[in-house]
Structure formats: structure tokens, C-alpha cells
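Trainee:
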Amino acid sequence: MIGYVTLGTQDLRRAAEFYDAIAAEMGVGRMGGDERYISWGVPGGPAGIGITLPFDGQPASVGNGVMVALEAKDRDQVDRLHALALELGGSCEGAPGERFPGFYVAYFRDRDGNKLNAFVFAPGFGEGHDA
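Counting in this note's numbering, the sequence shown runs from 9 upward without gaps.
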């Protein structure tokens, strides 16, 4: 249902370095952009992510309670994405681990303070449960 998520930045070049590396680890590249905006993903694929200098000219800000969840292929990739985010100047918001049975996740913030996580569900997670 979600096509893409956009996060704000004060420094597009600096943010692009962070997301170029995160996207490469996830096996995707840039799919668009200009001097104000860059997006990563695969057209027609799963949801992508973009960063932008706010179009209203006001400072970018981080939403309280807002988070972007990046679906990893396995637990090892969750661990790598978390470590990579920290190496790139992000900050830890929760070390990799199982938060409840079948849900393995790590939380981090990008260089602008936007909160993200990398997660993976165990095979069969959620089966037999109604929404």
C-alpha cells in the first residue's frame, strides 16, 4: 500500500551519503532526484525512501513517534544495517534483537535524527491471526 516515505534533511549531500550506503546494503540504488530531493528503491517494487530539503523553505524537523521500517532479508542483514548506520554517523535507538517471538529488529537514527529500524519476521509470523 505505501509507495514511498520521504524524510527531511538540512544537508542533502550528507544525507545522501548515509542513504546511498543503506540502500546498497539492501540491494537497491537511486531511482530519482534533483538538487532538492533524492529517492531510492525500484519502480514498481516495494516501498522506496526519499530525502528532501523541505519545499516550504523551513528547517527540516523530526516527527515524534514517526519511524521508517526497512524490511531486511534476514537477521544478519538487520545486524549489518544497524552497524552500518552507526558507522555512517547515525545513532543507536535499540540494539539488534528479538523484541517478541518472530520479530527481530534494530533501531537507529540517521544523521538528521530521523528514526528508522531494520526488521525481519520469522517465517510464518502472524499466520492464524486476524487483523
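The C-beta atom is built at its ideal place from N, Cα and C for all residues, glycine as well.
1. Let me check understanding here. Comparing Cα to Cα, which of Asp19, Asp84, Lys123 lies closest to alanine 130?
2. List, from N- to C-terminal side, the beta strand (DSSP E) runs of 3 residues or more that fit wholly inside the segment 90 to 139.
3. Which residue marks the beginning of the alpha helix (DSSP H) containing alanine 32, and which one marks its end?
4. Could you please give me the residues that DSSP links to glutamate 79 through a beta bridge?
5. Got a sec? Which residues, its chain only, sit under 7 angstroms from methionine 75 by beta carbon, not counting five neighbours each side?
6. Nearer than 7 angstroms: is that true of the beta carbon of methionine 39 relative to any heavy atom of the ligand ADP?
7. Using DSSP with H/G/I as helix, E/B as strand and the rest coil, what is arginine 38?
8. Have a look at Val128, Leu61, Ile57, Gly132 and flag the residue whose alpha-carbon is nearest the alpha-carbon of alanine 32.
9. In angstroms, rounded to a whole number, what distance separates the CA positions of glycine 41 and serine 47?
10. Is it right to say isoleucine 10 is buried, meaning 16 or more other beta carbons lie within 10 angstroms of its own, or is it exposed?
11. Return the CA-CA distance between tyrosine 144 and glycine 53, expressed in angstroms with no decimal places.
12. With distances taken Cα to Cα, identify the nearest neighbour of glutamate 79 among Arg88, Gly73, Gly71.
13. Consult DSSP for valine 70 and reduce its assignment to one of helix, strand or coil.
Mentor: With the given structure in hand:
1. By one-based count along the sequence shown, residue 130 stands at place 122. Nearest C-alpha to alanine 130: Asp84.
2. 99 to 108, 111 to 117, 123 to 129
3. Position 24 of the sequence shown, counted from the start, is the residue given in the question as residue 32. Run containing alanine 32: 20 to 33, per the alpha helix (DSSP H) assignment.
4. As a first step, residue 79 is located in the sequence shown; it is residue number 71 there, counting from the start. Answer is Phe127.
5. Taking the sequence shown and counting its residues from 1, the one referred to as residue 75 is at position 67. Lys123, Leu124, Asn125, listed in sequence order.
6. For the structure depicted, the ligand ADP is absent and the ligand set is empty, with no information on it obtainable.
7. The residue labelled residue 38 in the question sits at position 30 within the sequence shown. The answer is strand: DSSP assigns arginine 38 an E or B state.
8. On the sequence shown, residue 32 is found 24 positions in, with the first residue counted as 1. The shortest Cα separation from alanine 32 among Val128, Leu61, Ile57, Gly132 belongs to Ile57.
9. Here residue 41 is taken as the residue at index 33 of the sequence shown, counted from 1. Here residue 47 is taken as the residue at index 39 of the sequence shown, counted from 1. Their backbone Cα atoms lie some 6 angstroms apart in a straight line.
10. In the sequence shown, residue 10 corresponds to position 2, counting from 1. Looking at its Cβ environment, which holds fewer than 16 other Cβ atoms inside 10 Å, isoleucine 10 is exposed.
11. The structure shown does not extend to residue 144, since the chain is modelled only from 9 through 139, so no value can be given for it.
12. Sequence index remark: in the sequence shown, residue 79 carries index 71 (1-based). Per the Cα distances, Arg88.
13. Along the sequence shown, read from residue 1 onward, the residue named residue 70 stands at position 62. If DSSP states are grouped into helix, strand and coil, valine 70 belongs with coil.
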